[in-house]
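Single-structure report; data block below.
Numbering (the numbering used here), first residue to last: 448 to 1366.
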């Protein structure tokens, strides 16, 4: 702890005023966090053994004075709902979910009214009159039911308040404001009953009306003393918000008419090195904080260093950014329950089962994404052996899967699997039992061998406590009748929940939130997220009481909340010698915002003893936005190329290389294929496969037969069934009866119909057509002295036909192709241009088929379903100005082979690496 801190002065004063006997002394602090630091300060002050005084928080003190037990906001909400139901007509009672939307805000207003000791009926009457005046000009006949209900709400406010207040008082419980009001009412009895006890209030700044009244009363009875941590610089400045509350108390309390105001310090004027550092985004700030700590650790121990998180969500990125020099660490804040990994498991379970129930309670159908999110969760995946199940879901395209099907695939489910996918159609209490059992089962599967498992168990225990609390609510209140309400309450509780970290609070680096820093002082302070809307927090009006009414009645507004933030900020700087203020320079995004006004204020009101520097940090940008990938050809790559070329080099592999050699390397050398995933919406390539397969199924019965119009008519009749059958075979269990998939199904049918009508039209015009092959595999070995070994070109041809005694090779394309992309003037440089990929593919087909039809001139071309009016588009060679040849003979194929061999030699050249082609 640095020298001359507030707690050191406080501990010295305690020994001076009370000696070594603290049996009757009770020290009241703003929070529990400061207790251990005060005990350490007391220990350092004395060289003898002593019994420490009782140290409590202000909340515990108010609870003692009031004689009531404080309850959390969710329990208050349930109690309020019970009152609401008892005084509202049955037909007007809202569901708990709807009720909680406005009740939470109203309870906050009740809390503020009580904490500031306002007369409730006066406030509610005032609000009701304001709303009535807003509608003074409405004639009775113009009043709607909505307006009546709205005015009734304001009329009922005092009833809600008094009934709830009375009910809670009878049970000996209360929300924070109620406890404050009762503490004030019980003050005389309390002060008479405390005997010889003395109270010492320390480290406070902003007090509500009830706290002011209680402390002043105890001061007047000489049974309490209070020591402030006020900075003279701000106290004497009538406009500085950091001294707003101190000035008000110093001038208005009767106690200070005859007694000195203690204590006023002058530490802010001391020399300070303040560095203002801007960097993009939250991660940038975490990395920068880690770098600062690395530099600090070289020169001084980190014991007197604190990292204050303006936005507590930065905690995890910061922990990952801490340097190796941080060997001891204390996190004096709770980790948000919303980000708890175990909470995410429960959240996904709620989502999966709610969706299943909403879809159909009887069949209980799960959505595949919900199932996979649960199965792939890091806390579940290692313990259920669901790899086969995930593979089956992906391979069979199960968009929706029934509970029965799930258990049919997972033939020997373990107990955890059974709990995860058990039906949630019972009462909320039973559902909570199931969730508890899931958490216990996961805990039992985790060993104690690793630190990560211990952390996982801490996360699980935190959520388990929330579920237990929720179970108690359900057993005590009848409001929770549905899964939707249960989930709504669960989300509200988890928002309030925190996972507590264990650490040694007096050793090493301190990481804490802004409020946890109260009363504490450090030599070096690093404050993150110094942006408007974060530190200080932005204006928020979550209240039924308008701003001007709040000001008139003396309730706190955003002005007072800003003053509290201002005090906390300047208190952090008060005794610090080195200060680092980090802010996000980005003006857009979730965590973005303008630079904090506190930074601007510091710069504008710069003190002569303060050294202030302002720097911007940005990530180092590479000179090139994207470096092309280059893969040298090793001996093993050459072996793989030889194996591929000598057995089955497909036309599509050749065109893949032309488009991007790196893609060829990944697909053909490393054999990396796309991950098999569920196609929720039919992909373009899947649609193409379905159309190809449908045409094959329709034409196959008539192979080697002369096609007639009547045959095509039969195909048109069978087309619907053929397409449906192919959809089921290719798309498997995918949903095709609605949405985008239904549109894709209709598109596939339309393409087939259009093609068959095109075929029929040509037959009616006199074409003689015999289909010889459909989706047939052809191959031919390319032997040439220039090649190191024979190369086998092998692949599937969509269709080969004899049309008007000419051999024609057809490639179907579901995308749009135009004739001009299939024509060349010369073979020179054919394999160098990506635009020639379709020509190369067609000529490869011609070369492959050549062995089956030697010395036969042929046509090879494309039928594009998106350009069907163009019909069959053949490969063409332009000869001179007007000459165009469609026929492919041995001479053309020899010219093509020359170009193809050059390309193959390039691929097989070990000196030429695979190099990525960038656009």
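For glycine and all other residues, C-beta sits at the position ideal for the given N, C-alpha and C.
TODO: Give me the Cα-Cα distance between residue 1109 and residue 1363, rounded to the nearest whole angstrom.
DONE: Cα to Cα, the separation comes out at about 5 Å.
Task: residue 1292 versus residue 819: straight-line alpha-carbon distance, rounded - done: If you take the alpha carbons of residue 1292 and residue 819, they lie about 42 Å apart.
Task: Span separating the alpha-carbon of residue 902 from that of residue 565 - done: Each residue's alpha carbon lies about 46 Å from the other.
Task: Cβ shell of residue 671 (< 8 Å), same chain only, five flanking positions each side left out - done: So the qualifying residues of the chain are 645, 646, 647, 648, 662, 665.
Open item on the list: Taking only three categories from DSSP, how would you classify residue 716?
Closed with: DSSP places residue 716 outside both helix and strand once states are collapsed to three, so it counts as coil.
- [ ] Report yes if the C-beta distance between residue 755 and residue 626 is below 7 Å; otherwise report no.
- [x] Cβ atoms of residue 755 and residue 626: not closer than 7 Å.
Task: Burial state of residue 624 (16 or more Cβ within 10 Å) - done: Buried: at least 16 other Cβ atoms inside 10 Å.
TODO: Please classify residue 1370: does DSSP put it in a helix, a strand, or coil?
DONE: Nothing about residue 1370 can be read from this structure; the chain reaches only from 448 to 1366.
Open item on the list: Out of 1067, 1290, 984, 1191, which one is the CA nearest neighbour of residue 1102?
Closed with: Here the closest residue by C-alpha is 1290.
- [ ] Compute the distance between the beta-carbons of residue 725 and residue 975, then report whether it is under 7 Å.
- [x] Residue 975 is positioned such that its CB atom lies no closer than 7 Å to that of residue 725.
Open item on the list: Measuring alpha carbon to alpha carbon, tell me which residue in 470, 915, 941 is nearest residue 787.
Closed with: With respect to the C-alpha of residue 787, the residue from 470, 915, 941 having the closest C-alpha is 941.
Task: Supposed contact pair residue 495 and residue 467 - C-beta distance, whole angstroms, cut 8 Å - done: Yes, they are in contact, since the Cβ atoms of residue 467 and residue 495 sit about 7 Å apart, within 8 Å.
Task: Residues bridged to residue 945 (per DSSP) - done: Bridge partners of residue 945: 783.
- [ ] May I ask you to verify whether the region 690 to 705 touches the region 1020 to 1031, counting CB pairs closer than 8 Å and requiring at least 3?
- [x] No, the region 690 to 705 is not in contact with the region 1020 to 1031.
Open item on the list: Just to confirm before moving on: does the CB-CB distance between residue 1092 and residue 934 stay below 7 Å?
Closed with: Against a cut-off of 7 Å, the Cβ pair of residue 934 and residue 1092 comes out as no contact.
Open item on the list: Does residue 1358 come out as helix, strand or coil in the three-state DSSP assignment?
Closed with: Coil, per DSSP.
Task: residue 1258, DSSP secondary structure in three states - done: Strand, per DSSP.
Open item on the list: I need the straight-line Cα distance from residue 922 to residue 883, nearest angstrom please.
Closed with: Distance between the alpha carbons of residue 922 and residue 883: 15 Å.
Task: Distance between residue 753 and residue 953 (C-alpha atoms, nearest Å) - done: Between the alpha carbons of residue 953 and residue 753 lies a gap of roughly 12 Å.
Task: Integer-rounded CB distance, given that residue 503 should sit under 8 Å from residue 473 - done: Right, the Cβ-Cβ distance comes to about 6 Å (below 8 Å), so this counts as a contact.
Open item on the list: Quick check on the burial criterion: 16 or more other C-beta atoms within 10 angstroms. Buried or exposed for residue 718?
Closed with: An exposed status is given to residue 718, since fewer than 16 other beta-carbon atoms sit within 10 Å of its beta-carbon.
Task: Assigned secondary structure, residue 684 (DSSP; H/G/I helix, E/B strand, else coil) - done: For residue 684, the secondary structure class from DSSP, reduced to helix, strand or coil, is coil.
Task: Contacting residues, own chain, Cβ-Cβ under 7 Å from residue 1002 (five flanking each side not counted) - done: Cβ neighbours of residue 1002 beyond the five flanking positions: 559, 563, 992.
Open item on the list: So, with DSSP's three-state summary, where would you put residue 1106?
Closed with: Under the three-state reduction of DSSP, residue 1106 is assigned to helix.
Open item on the list: Nearest by alpha-carbon distance to residue 556: which of 594, 1022, 607, 538 is it?
Closed with: For residue 556, the nearest C-alpha among the options comes from 607.
Open item on the list: Three Cβ pairs or more, each shorter than 8 Å: is that satisfied between the region 1252 to 1262 and the region 1063 to 1071?
Closed with: The answer is no - the region 1063 to 1071 does not touch the region 1252 to 1262, with fewer than three Cβ pairs under 8 Å.
Open item on the list: Quick check: the region 1268 to 1283 against the region 1307 to 1327, are at least 3 beta-carbon pairs closer than 8 Å?
Closed with: The region 1307 to 1327 vs the region 1268 to 1283: in contact.
Open item on the list: On the DSSP letters alone, give me the boundaries of the beta strand (DSSP E) that residue 1224 sits inside.
Closed with: Segment 1216 to 1229, the beta strand (DSSP E) holding residue 1224.
Task: Where residue 1296 falls: helix, strand or coil (DSSP) - done: It is helical.
Open item on the list: the ligand COA and residue 713: does the residue's C-beta get closer than 6 Å to at least one heavy atom of that ligand?
Closed with: In terms of ligand content, the structure shown is empty, and the ligand COA therefore cannot be addressed.
TODO: May I have the straight-line CA-CA distance separating residue 554 from residue 609, to the nearest angstrom?
DONE: One Cα belongs to residue 554, the other to residue 609, and the distance between them is close to 12 Å.
Task: Per DSSP, cross-strand counterpart(s) of residue 801 - done: Beta-bridge pairing links residue 801 to no other residue.
Open item on the list: Once the 5 residues before and after residue 860 are set aside, which same chain residues still bring their CB inside 7 Å of it?
Closed with: The beta carbon of residue 860 sits closer than 7 Å to the beta carbons of 854 from its chain, once the five residues preceding and following it are set aside; these are given in chain order.
Open item on the list: Based on DSSP bridge pairs, tell me the residues matched to residue 621.
Closed with: Note: residue 621 sits in a beta bridge opposite 517.
TODO: Let me know if residue 545 comes out buried or exposed under the rule of 16 or more other beta-carbons within 10 Å of its beta-carbon.
DONE: That one is exposed.
Open item on the list: What would DSSP say about residue 567, mapped onto helix, strand or coil?
Closed with: Three-state DSSP puts residue 567 in a helix.
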